[in-house]
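Per the numbering used here, residue 1 is the first one in the sequence shown, and the count goes up by one each step.
First up is the structure itself, then whatever we jot down about it.
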Amino acid sequence: MDEPSLDRQAVHDELEQARTAFHELLDEATDADLRRPTDGTRWTNEQLLFHMLFGYILIRPLLVLMRTFGQLPRGASRAFARVLDAGTRPFDVVNYLGPLGGARVLGRRGMGSAFDRVIAGLHRRLDAEREAQLSLGMHYPTRWDPFFPDVMTIADLYRYPTQHFEFHRRQLTLPAGPQAAC
């Protein structure tokens, strides 16, 4: 019998640890803490928290994209990744501006609620994932994120948002910011 390509329980645990950590960060932060600049970014703590949330939000549409490209010859996703890599500068602008508005629109309470909904959805999606689907993969734009290798599988994609979360968590300047959840 083949070994599972993904330890689903470990991913479920990571998602829950991130959800708990996100709420602790929000709950322990004062309004002044949320307005404070982060360490190493141009965002405030509140804006960076939105960016961390957005890393999880993106997984659902990325799963759709990966399922599509995973059925095509690898060259299709390689070409697509090259086009995306060529558009890194516009991506960086949108990636920066999104949290400026997103944090303002959602605020503390909205971000906490959104995080809960997104994590619950990822739990459901992961539970429904067929084992054969987990090995589908595609090329990724490696210039967009340090956690995007040249080729990612669906199994990799489920691990990505928590890597992204923990990386940015160290940049927060909140009272509970530097500790690692996972």
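Beta carbons are placed, not taken as given, at the ideal position from N, Cα and C, and that holds for glycine.
Please report the straight-line C-alpha distance between residue i and residue j, rounded to a whole angstrom.
{"i": "Ala81", "j": "Phe69", "result": "11 Å"}
{"i": "Val11", "j": "Val83", "result": "31 Å"}
{"i": "Trp144", "j": "Asp92", "result": "8 Å"}
{"i": "Pro4", "j": "Asp156", "result": "Because Pro4 carries a pLDDT of 48, less than 50, the predicted location of this residue cannot be relied on, and no value is offered for it."}
{"i": "Val105", "j": "Leu97", "result": "13 Å"}
{"i": "Leu100", "j": "Phe54", "result": "12 Å"}
{"i": "Leu72", "j": "Pro149", "result": "19 Å"}
{"i": "Ala18", "j": "Ala79", "result": "34 Å"}
{"i": "Gln163", "j": "Tyr56", "result": "11 Å"}
{"i": "Glu131", "j": "Tyr158", "result": "13 Å"}
{"i": "Arg89", "j": "Pro61", "result": "21 Å"}
{"i": "Asn95", "j": "Thr142", "result": "15 Å"}
{"i": "Met183", "j": "Gly110", "result": "Summary: the structure shown does not reach residue 183, with the chain confined to residues 1 through 182, and so no result is reported for it."}
{"i": "Ala103", "j": "Phe147", "result": "23 Å"}
{"i": "Leu122", "j": "Thr38", "result": "28 Å"}
{"i": "Trp43", "j": "Ser77", "result": "32 Å"}
Suppose the cutoff is 6 Å on Cβ atoms and the five residues either side in sequence are ignored; what does the same chain contact list for residue i look like?
{"i": "Gly40", "result": "Gln171"}
{"i": "Phe22", "result": "Phe115"}
{"i": "Leu34", "result": "Asn45, Glu46"}
{"i": "Arg185", "result": "An answer regarding residue 185 cannot be provided, because it is not within the stretch 1 to 182 covered by the chain."}
{"i": "Leu134", "result": "Ser5, Leu6, Ile154, Ala155"}
{"i": "Tyr140", "result": "Ala81, Phe148, Met152"}
Going by the DSSP bridge assignment, what does residue i pair with across the sheet?
{"i": "Pro37", "result": "Thr44"}
{"i": "Gly137", "result": "Thr153"}
With a CB to CB cut of under 7 Å and the five nearest residues on each side skipped, what residues in its chain are close to residue i?
{"i": "Arg8", "result": "Leu126"}
{"i": "Pro161", "result": "Gly55, Tyr56, Ile59"}
{"i": "Leu136", "result": "Met66, Arg67, Gly70, Thr153, Ile154"}
Would residue i be called buried (16 or more neighbouring beta carbons within 10 Å of its own) or exposed?
{"i": "Asp2", "result": "Low per-residue confidence applies at Asp2: pLDDT is 45, beneath 50, and the placement is therefore not dependable enough to give any value."}
{"i": "Arg169", "result": "buried"}
{"i": "Asp31", "result": "exposed"}
{"i": "Gly75", "result": "exposed"}
{"i": "Leu49", "result": "buried"}
{"i": "Ala86", "result": "exposed"}
{"i": "Ala128", "result": "exposed"}
{"i": "Ser113", "result": "exposed"}
Between residue i and residue j, how many whole angstroms is the CB-CB distance? I'm expecting something under 8 Å.
{"i": "Phe165", "j": "Met66", "result": "No, Phe165 and Met66 are not in contact; Cβ-Cβ is about 20 Å, not under 8 Å."}
{"i": "Ile119", "j": "Leu15", "result": "5 Å"}
{"i": "Arg124", "j": "Leu26", "result": "Between Leu26 and Arg124 the Cβ distance is about 23 Å, and since that is not below 8 Å, they are no contact."}
Give me, in chain order, the residues of the same chain whose beta-carbon lies closer than 8 Å to that of residue i; leave out the 5 immediate sequence neighbours on both sides.
{"i": "Leu63", "result": "Arg125, Ile154, Leu157"}
{"i": "Phe167", "result": "Pro146, Phe147"}
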